[in-house]
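Those protein sequences? They're chains L and C, same order as listed. Note that the first sequence ends on residue 402 in the numbering used here; no numbers are left out. Note that the second sequence ends on residue 1367 in the numbering used here; no numbers are left out. To keep things clear, I will list the structure first and then write my remarks on it.
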Amino acid sequence: MEDCLAKKMEITVSEAEKRTGRNAMNIQETYTAYLIETRAVESQSEGQCAPVDSLWRRYSEFELLRNYLSVTYPHIVVPPLPEKRADFVWHKLSADNMDPDFVERRRIGLENFLLRVASHPVLCQDKIFYAFLTQEGGWKEMVNETGFQLKADSRLKALNATFRVKNPDKRFTELKHYSDELQSVISHLLRVRARVADRLYGVYKVHGNYGRVFSEWSAIEKEMGDGLQSAGHHMDVYAASIDDILEEEEHYADQLKEYLFYAEALRAVCRKHELMQYDLEMAAQDLTSKKQQCEELATGTVRTFSLKGMTSKLFGQETPEQREAKIKVLEEQIQEGEEQLKSKNLEGRDFVKSAWADIKRFKEQKNHDLKEALISYAVMQISMCKKGIQVWTNAKECFSKM
Amino acid sequence: DTSLAEVNSFSPSVPISPSSMINQYKFEDGPELRDLFITVDDPESHITAIETFITYRVVTKTTRGEFDSSEYEVRRRYQDFLWLKSKLEEAHPTLIIPPLPEKFIMKGMVERFSDEFIETRRKALHKFLNRIADHPTLTFNEDFKIFLTAQAWELSSHKKQGPGLLSRMGQTVRAVASSVRGAVKNRPEMFTEMNNYMETFSQKINLLDKIAHRIYKEERDYFNEMKEYGPIHTLWSASEEDIADSLKGIASCIDRCCKATEKRMAGLSEHLLPILHEYVLYSEILMGVLKRRDQIQGELDSKVDALANKKTEKDLFSEEIGKLEDKVERANNALKVDWDRWKQNMQWDMRSSFTNVAENNLRYYEE
């Protein structure tokens, strides 16, 4: 962990700016650009601050970076990006990508993403990542030159492997179930939380009407007037307090969302394992069938039904020379196959080992982060109640003076 | 006026029992000046060939001399309460007669005989009778006494007495006609102020009633969503090891919050909502009372105008006018005294209801 980039360098996403420009299809569009600032961590005791480097990136470049990392390090649970579009909104929040609150929360999410990558023992050492932080021009070309897109597994291939793999590592199967459950439960929680927030907003805001009516009523009362008026003021305070409370809660929701998206990253690692395992199983099967073919040709017996066998029966046997040639080809293939199988096996075992190490690291991180998030949620609730107590104590005093 | 109930009622006549003697002793010593206790409970459904209706049990305990007994139990239906109210209005046109719950509720799903409706009505009827009992004048009204003490058949026959429906209608028509002219321009300043006050008050109390109902609805919706919120955390804890306890903890806290919300809602519906509703009805009643006062004055004014035009029958008129002047004076005084009393009560009721709301909210947040 000492070698982490995060320790050597301060990274912040400090600003967001609206821009207009032409996109790949030469169409005018509006987008938001984010300012990434980096500064080398020098000993601050001298009172000197190292100079700040900065560059602008937009969301699509972050996406490109993450895709590159996922393909290049398939055994790593790659940190997720904040959501592309606002989801789980309740009525007060807008679903508009240009909404300043959304942009602000995204800015924080992007910063969080960079910090997560920078503190990952493996990912932080990647040169493309470093260039993303430090090199404004030509970064896109640099990424594309790595040719990572070619290494990417097609979705179809992966899906096929998931269905047909016979002996995946049990731990990965369990992990896949866990990540499915995690995703389902967190998204359900976020949905209900959004509805609860909506209702709570309603309760608080309607109290604001009391403020207005009390004030109007107090105008016609002599003895009750003062009490009513000041009570009304407290009702206004109560109604206004919900805005801050719910804004704080949005941060909590974002923390949960990160792990919702992390579930997808977990699944990606499992899929990669299934793909590799399937590949291995296919290679082994292929090798076995080739060995069998070889044996059949050598001994002249046909143990299994094959089209070749049938055609040779119908159209006559091959000449001994033809047979020899075939056997030779097969023997070469078998040797290749065995080498491939050996290396695939090795690859597979390495993958499982390194993936499992990262998964362990991830689990610890997840438990720590979620526990902290839950605690901070509880603290938020307590503070909300304290505010409520304060307001209603004041209101009660005013009422009793009526 | 004659009343049947002064003749012995058919309820078992009990001489002053030891318990009521104790009660009497308590009242004279204690700060409570009450000597009439009324409860309304036990709604019962009655089905006849023609109709279905509900009766309520009205239990009265009293130490007053003019009551033959110290305890009475009768059954009354909503119609009987309506009768009582109209008799009181007739006898005391410028006193503030407490409101009755509405005949039926227009909005929404409330069926005429749903439990919720019956309970709300019962509480309001209980309030109605107790408000009358607390009123310094109304509490001694004969019809009130008959209402509390007479058996069903006695009440029916008593109801049939008195001026017929048609003659009463005639009175009302004449009264309305006479009030149209002049009453407003001769109205004493005090009553104009009252009118202005009531217009604004009525507006504001209606708004408050709506706001309080809206808050109740929002709280209920919040409660419904919260009910789902806790169990999700429990479900999640099943997939986790390390954080399972934290999640279960949160789930149980959320469930406790749910219970606290329920209590808060109950507080609203038991205390604030009925009071606000009562005062919405009160504001209508008060506007009516002010109109009636205007009508009475209108009668006087029209007679005075007539006198100014017909100087010959002066003597006849002046006697009548004298009587009317007395009437107006009495009506005005009665109203003024009752108004002050009403305002005091209103203040007290509002203060205690809203303080109660504040306390409920404090309890909610503390829990």
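Glycine included, C-beta positions come from ideal geometry on N, C-alpha and C.
Item	Value
Cross-chain neighbours of R199 (chain L) in chain C, by beta carbon under 7 Å	E1218, D1221, Y1222 and E1225
Range of the contiguous alpha helix (DSSP H) that encloses P320 (chain L)	P320 to S400
For Q149 (chain L), three-class secondary structure by DSSP	helix
Closer than 9 Å to chain L by CB, H1233 (chain C)	yes
Option in L:R171, L:G227 and L:N367 with minimal Cα separation from A1244 (chain C)	L:N367
Contact list for the stretch 1199–1216 of chain C against chain L, Cβ threshold 7 Å	T1200, F1201, K1204, L1207, L1208, I1211, R1214 and I1215
D1143 (chain C): contacting residues in chain L (beta-carbon distance under 9 Å)	In chain order: nothing, as chain L lies at least about 34 Å away.
Beta-carbon separation (whole angstroms), I220 (chain L) vs F1201 (chain C), contact threshold 8 Å	6 Å
Rounded separation between L260 (chain L) and L190 (chain L) - CA only	10 Å
Local conformation of K1061 (chain C) per DSSP, three classes	strand
Interface flag, M1350 (chain C) vs chain L, CB-CB below 9 Å	yes
CB contact flag (A373 (chain L), Y252 (chain L), <9 Å)	yes
Burial state of P80 (chain L) (16 or more Cβ within 10 Å)	buried
Chain C within 9 Å of W217 (chain L), Cβ atoms only	yes
is_contact[T1355 (chain C), chain L] using C-beta, thresh 9 Å	yes
Cross-chain neighbours of L1272 (chain C) in chain L, by beta carbon under 7 Å	Correct list: empty, because the minimum Cβ distance to chain L is about 11 Å.
Short Cβ contact (9 Å threshold) for T1060 (chain C) with L1155 (chain C)	no
Under 9 Å by beta carbon: chain C residues contacting H207 (chain L)	I1211 and I1215
Residue span of the alpha helix (DSSP H) that contains Q135 (chain L), given as start and end	Q135 (chain L) -> no alpha helix (DSSP H), and no H or E assigned at all.
L246 (chain L) at chain C interface by Cβ criterion, 9 Å	no
8 Å Cβ cut-off: residues of chain C touching Y178 (chain L)	S1239
C-alpha distance - H207 (chain L) paired with H234 (chain L), whole-angstrom precision	10 Å
Against chain C: residues of the stretch 384–401 of chain L by CB proximity under 7 Å	C385, G388, I389, W392, T393, A395, K396, F399 and S400
Cβ-based burial, W392 (chain L) [other Cβ within 10 Å; buried from 16]	buried
Simplified DSSP state of N1023 (chain C), which is helix, strand or coil	Note on N1023 (chain C): pLDDT 35, under 50, position unreliable in the model; the coordinate value appears next. If DSSP states are grouped into helix, strand and coil, N1023 (chain C) belongs with the helices.
Euclidean distance between Cα positions of Q1203 (chain C) and Y34 (chain L)	53 Å
Beta carbon proximity, L374 (chain L) to chain C, threshold 9 Å	yes
Neighbour flag for Q340 (chain L) against chain C, beta carbons, 9 Å	no
CB of A197 (chain L) within 9 Å of CB of E249 (chain L), strictly	yes
Backbone secondary structure at K238 (chain L) - three-state DSSP	Note that residue 238 (chain L) is Tyr in the sequence shown here, rather than Lys. Of the three classes helix, strand and coil, the one that applies to Y238 (chain L) here is helix, per DSSP.
Closer than 9 Å at the beta carbon, the chain L residues around Q1347 (chain C)	E221, E223, M224 and M402
Bridge-paired residues (DSSP) for R1077 (chain C)	C:T1055
Stretch pair the stretch 1294–1303 of chain C + the stretch 1252–1269 of chain C: three plus CB contacts closer than 8 Å	no
Where V196 (chain L) meets chain C, residues with beta-carbon distance less than 8 Å	Y1222, E1225, M1226 and Y1229
Rounded Cβ spacing between L341 (chain L) and A283 (chain L) (contact assumed at less than 8 Å)	5 Å
Span of the alpha helix (DSSP H), counted from its first residue to its last, around R1122 (chain C)	D1115 to D1134
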